[in-house]
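Protein chains in written order, with this note's numbering: chain A, 1 to 208; chain B, 209 to 416.
All residues carry an ideal CB built from backbone N, CA and C; glycine is no exception.
There are 2 protein chains.
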Amino acid sequence: MAKPGSPSQLTERSRGRSAETRRTLVTAAVTTLQEVGFGGASARAIAERAGVPQGLVFYHFGSVANLLLAALDAVSAERLAHYGEALAGVESPQDLVAAARDVFTEDLDAGYVTVLVEMIAGASSTPGLGPEVAQRIRPWIDFTREAFTRQLGGSPLGAVVPAADVAYGIVALYLGLEMLSHLDGDRRPALALFAHAANLARLLEALT
Amino acid sequence: MAKPGSPSQLTERSRGRSAETRRTLVTAAVTTLQEVGFGGASARAIAERAGVPQGLVFYHFGSVANLLLAALDAVSAERLAHYGEALAGVESPQDLVAAARDVFTEDLDAGYVTVLVEMIAGASSTPGLGPEVAQRIRPWIDFTREAFTRQLGGSPLGAVVPAADVAYGIVALYLGLEMLSHLDGDRRPALALFAHAANLARLLEALT
DNA sequence: GTCTATACTTGGATAGAC
DNA sequence: GTCTATCCAAGTATAGAC
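Here it is, written out as structure tokens:
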């Protein structure tokens, strides 16, 4: 049961091919989660999208769950990097809310958060998956905490409520909004909330 | 393909038996969703818990999805009735937050919201399920909107933010918190948020 | 090391027995 | 009208070919 990627006996050709197959499968796993959810993300469904035989899922990842976790890793890395860029120019709570709204819209359009939501919900039905998913969410909460601390740590709000708790709540809200918006295909209620948040941010700035 | 419950040819005995089988299946569907999620809620898994043969799922409900929707209906009805009672004695924003916290704890303990979350996430993988689930969530949002309007409609917050938007956000937050708390089995971060909300409610009351 | 063909299991659904 | 025996599709996983 040799793991792929082991160093011995690898030709240039086979090494490159393996890596590409893995990449293809990971990409296909992401789109499968987006299109048919965790429940529909079988080895067959993913492999078909990837254009490779179904057995390769098990050869390269050992199980469907592992492949889905790899997909989650890929999306997390991609998004966190992007969030970092999006927040680079932020200099006020108002900017922060605006950036959050833009990022939310992107996430919804591209279905990035769907992947996360499906994995969280799906974790209930696959033994051992829960902790793995939980671990992969922590960076999102940490990122949010830091962004909040930077822009609002010194404000009246930051004085009353610990950043860690707020960050947890914001991520929860983000996931919930994604879930509801995705469910009925209407993002307007969610975007309305961002607009109100912008108003409150303006109000808060006026106080300081 | 006669639907059960048709009036003709029914003995007292058979009518009672059918209703009881349906009830048993619905209850089993709820616990199955709670224990193994949407992905694990197969006709066989549910029927085993109900102690009835698997084919009865299709006889009585036509499909697994229909049975799961019936389970969601049962939970929704039960919870909305209970929420109504819990809010009967509420006379201030502070009371409202306290009641919400109690209800949240109950929901988490009994796994009621898990059913909802699993159905929302699972809707992605079953064609046609989305709208059905969306329809069943609307009452939760309406209920929240009314509760908010009653206690905070006249406050500064109510003046700035439309109740409908807030209600949507609160339900989203509620679902997200349930999802995260359930995932890593730690409800403390969520409960901390309710504590902060209580403080803010107190603050708001001081202003009015 | 990489991948394909095949074994085995579980699940949805229904034809027909009671 | 109610339920059971059975069928077929879809899923996971691996033994063995290249």
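Original post:
Using the C-alpha atoms, what's the distance from B/Ala414 back to A/Ala110?
Top reply: The residue you call residue 110 of chain A lines up with position 110 of the first sequence. The residue you call residue 414 of chain B lines up with position 206 of the second sequence. Whole-angstrom Cα-Cα distance: 44 Å.
Original post:
So A/Ala71 packs on A/Val57, CB below 8 Å; how close in whole Å?
Top reply: Position 71 of the first sequence, counted from the start, is the residue given in the question as residue 71 of chain A. Position 57 of the first sequence, counted from the start, is the residue given in the question as residue 57 of chain A. The Cβ separation is near 12 Å, so there is no contact.
Subject >> Range covered by the alpha helix (DSSP H) that runs through A/Arg136 >> reply: As a first step, residue 136 of chain A is located in the first sequence; it is residue number 136 there, counting from the start. Start and end: 129–152.
Subject >> Where B/Pro397 falls, given that 16 or more other Cβ within 10 Å makes a residue buried >> reply: Here residue 397 of chain B refers to the residue found at position 189 when the second sequence is read from its first residue. By the 10 Å Cβ count, B/Pro397 comes out buried.
Subject >> Which of helix, strand or coil DSSP assigns to B/Arg287 >> reply: As a working note, residue 287 of chain B is residue 79 in the second sequence. It is helical.
**OP:** Check whether the stretch 273–290 of chain B touches the stretch 233–243 of chain B, counting contact only when three or more Cβ pairs, one atom from each stretch, lie closer than 8 Å.
**Re:** yes
**OP:** Find out if the Cβ-Cβ distance for the pair A/Glu118, A/Leu33 is shorter than 8 Å.
**Re:** Here the question's residue 118 of chain A lines up with position 118 in the first sequence. Here the question's residue 33 of chain A lines up with position 33 in the first sequence. Taking 8 Å as the Cβ cut-off, A/Glu118 and A/Leu33 qualify as a contacting pair.
**OP:** Quick one: measure Cβ to Cβ for B/Ala329 and A/Ala121, integer angstroms, because I've assumed they're closer than 8 Å.
**Re:** As a position in the second sequence, residue 329 of chain B is number 121, starting the count at 1. As a position in the first sequence, residue 121 of chain A is number 121, starting the count at 1. Rounded, the Cβ-Cβ distance is 3 Å, consistent with contact.
Subject >> Cα-Cα separation, B/Pro339 to B/Ala331 >> reply: Numbered from 1 along the second sequence, position 131 holds the residue referred to as residue 339 of chain B. Numbered from 1 along the second sequence, position 123 holds the residue referred to as residue 331 of chain B. Straight-line Cα distance between these residues: approximately 9 Å.
Original post:
For B/Arg395, which three-state DSSP category applies?
Top reply: Residue 395 of chain B sits at position 187 when you count from the first residue of the second sequence. B/Arg395: coil per DSSP, three-state reduction.
Original post:
Ordered along the chain, which non-local residues of its own chain (more than five positions away) have a Cβ less than 8 Å from that of A/Val102?
Top reply: Translated into positions along the first sequence, residue 102 of chain A becomes position 102. Here residue 102 of chain A is Asp; the residue named in the question, Val, does not match the sequence. Contacts found: Ala86.
Subject >> Among A/Arg79, A/Thr105, A/Gly37, A/Ala195, nearest to A/Thr144 - alpha-carbon criterion >> reply: Start at 1 with the first residue of the first sequence, and residue 144 of chain A comes out as number 144. Closest by alpha carbon: A/Arg79.
Original post:
Does any CB atom of chain B fall closer than 8 Å to the CB of A/Pro189?
Top reply: Here residue 189 of chain A refers to the residue found at position 189 of the first sequence. Taking Cβ atoms only, chain B reaches closer than 8 Å to A/Pro189, which makes this a yes.
Original post:
Distance, Cα to Cα, B/Leu401 vs A/Gly169?
Top reply: Counting from one through the second sequence, the residue named residue 401 of chain B turns up at place 193. Counting from one through the first sequence, the residue named residue 169 of chain A turns up at place 169. So the alpha carbons of these two residues sit roughly 7 Å apart.
Original post:
Hey, does B/Leu381 have any beta-carbon neighbour from chain A nearer than 8 Å?
Top reply: Here residue 381 of chain B refers to the residue found at position 173 when the second sequence is read from its first residue. B/Leu381 counts as touching chain A.
Original post:
Out of B/Gln262, B/Arg225, B/Leu381, B/Ala375, which has the shortest C-alpha to C-alpha gap to B/Pro347?
Top reply: For the purposes of this step, residue 347 of chain B is identified with residue 139 of the second sequence, where counting begins at 1. Answer by Cα proximity: B/Ala375.
Original post:
For B/Leu304, which residues of its own chain have a beta-carbon under 6 Å away from its beta-carbon, when the five flanking residues on both sides are left out?
Top reply: Taking the first residue of the second sequence as 1, we reach residue 304 of chain B at position 96. So the list reads Val298, Gln359, once near-sequence residues are dropped.
**OP:** Label A/Arg49 either buried or exposed according to how many other C-beta atoms from any shown protein chain fall within 10 Å of its C-beta, with 16 as the threshold for buried.
**Re:** By one-based count along the first sequence, residue 49 of chain A stands at place 49. It is buried - the Cβ of A/Arg49 has at least 16 other Cβ atoms within 10 Å.
**OP:** Label B/Tyr320 either buried or exposed according to how many other C-beta atoms from any shown protein chain fall within 10 Å of its C-beta, with 16 as the threshold for buried.
**Re:** If you number the second sequence from 1, residue 320 of chain B lands on position 112. Buried: at least 16 other Cβ atoms inside 10 Å.
**OP:** Starting from B/Gly297, follow the alpha helix (DSSP H) in both directions and report where the run begins and ends.
**Re:** As a first step, residue 297 of chain B must be located in the second sequence, where it is residue number 89. No alpha helix (DSSP H) contains B/Gly297, which DSSP labels as neither H nor E.
Original post:
Less than 8 Å separating the beta-carbons of A/Gly37 and B/Ser333?
Top reply: Against the first sequence, residue 37 of chain A aligns to sequence position 37. Against the second sequence, residue 333 of chain B aligns to sequence position 125. Yes, the pair counts as a contact, with Cβ atoms nearer than the cut-off.
Original post:
Checking contacts by CB at 8 Å: is B/Asn407 closer than that to chain A?
Top reply: Counting from one through the second sequence, the residue named residue 407 of chain B turns up at place 199. At least one chain A Cβ lies under 8 Å of B/Asn407.
**OP:** Take A/Leu69 and list the residues in its own chain whose beta-carbon comes closer than 7 Å to its own, dropping the five residues that flank it on each side.
**Re:** On the first sequence, residue 69 of chain A is found 69 positions in, with the first residue counted as 1. So the list reads Glu132, once near-sequence residues are dropped.
Subject >> DSSP state of B/Lys211 mapped onto helix, strand, coil >> reply: Here residue 211 of chain B refers to the residue found at position 3 of the second sequence. At B/Lys211 the pLDDT is 48, less than 50, meaning the model places this residue with poor confidence and gives no usable figure here.
Subject >> Proximity to B/Glu228 [Cα-Cα], best of B/Val260, B/Glu386, B/Ala249, B/Ala355 >> reply: As a working note, residue 228 of chain B is residue 20 in the second sequence. Among B/Val260, B/Glu386, B/Ala249, B/Ala355, the Cα nearest to that of B/Glu228 belongs to B/Val260.
Original post:
Where does B/Thr249 fall in DSSP's three states?
Top reply: On the second sequence, residue 249 of chain B is found 41 positions in, with the first residue counted as 1. A quick correction: the sequence has Ala, not Thr, at residue 249 of chain B. Three-state DSSP puts B/Ala249 in coil, outside helix and strand.
Subject >> Per-residue burial, A/Leu116 [other beta carbons within 10 Å of its own, 16 or more giving buried] >> reply: Translated into positions along the first sequence, residue 116 of chain A becomes position 116. The residue is buried, with at least 16 neighbouring Cβ atoms inside 10 Å.
**OP:** Determine whether the Cβ of A/Tyr112 lies closer than 8 Å to any Cβ atom of chain B.
**Re:** As a working mapping, residue 112 of chain A is identified with position 112 in the first sequence. It does not: the Cβ of A/Tyr112 has no partner Cβ on chain B nearer than 8 Å.
Subject >> Endpoints, alpha helix (DSSP H) assigned at A/Gly55 >> reply: Position 55 of the first sequence, counted from the start, is the residue given in the question as residue 55 of chain A. From DSSP, the alpha helix (DSSP H) with A/Gly55 extends over 55–61.
Original post:
Mapping DSSP to helix, strand and coil, what is A/Thr208?
Top reply: Stepping through the first sequence from its first residue, residue 208 of chain A is reached at position 208. Coil, per DSSP.
**OP:** Establish whether the CB of B/Glu326 and some CB of chain A are separated by less than 8 Å.
**Re:** Position 118 of the second sequence holds residue 326 of chain B. Judged by the 8 Å Cβ criterion, B/Glu326 is in contact with chain A.
Subject >> Contact set for A/Gln94: own chain, Cβ-Cβ below 8 Å, skip 5 residues either direction >> reply: Along the first sequence, read from residue 1 onward, the residue named residue 94 of chain A stands at position 94. So the qualifying residues of the chain are Ala198, Ala201, Arg202, Glu205.
**OP:** With A/Gly158 as the anchor, note down where its alpha helix (DSSP H) starts and where it stops.
**Re:** Translated into positions along the first sequence, residue 158 of chain A becomes position 158. From DSSP, the alpha helix (DSSP H) with A/Gly158 extends over 156–160.
**OP:** Specify, as a first and last residue, the run of the alpha helix (DSSP H) that A/Ala100 falls within.
**Re:** As a first step, residue 100 of chain A is located in the first sequence; it is residue number 100 there, counting from the start. Element bounds for A/Ala100: 93–110.
Original post:
To which residues of the same chain is B/Leu388 closer than 8 Å at the C-beta, ignoring the five residues directly before and after it?
Top reply: Looking up residue 388 of chain B in the second sequence gives position 180. If we look at B/Leu388 and ignore the five residues flanking it on each side, its Cβ neighbours are Pro397, Ala398.
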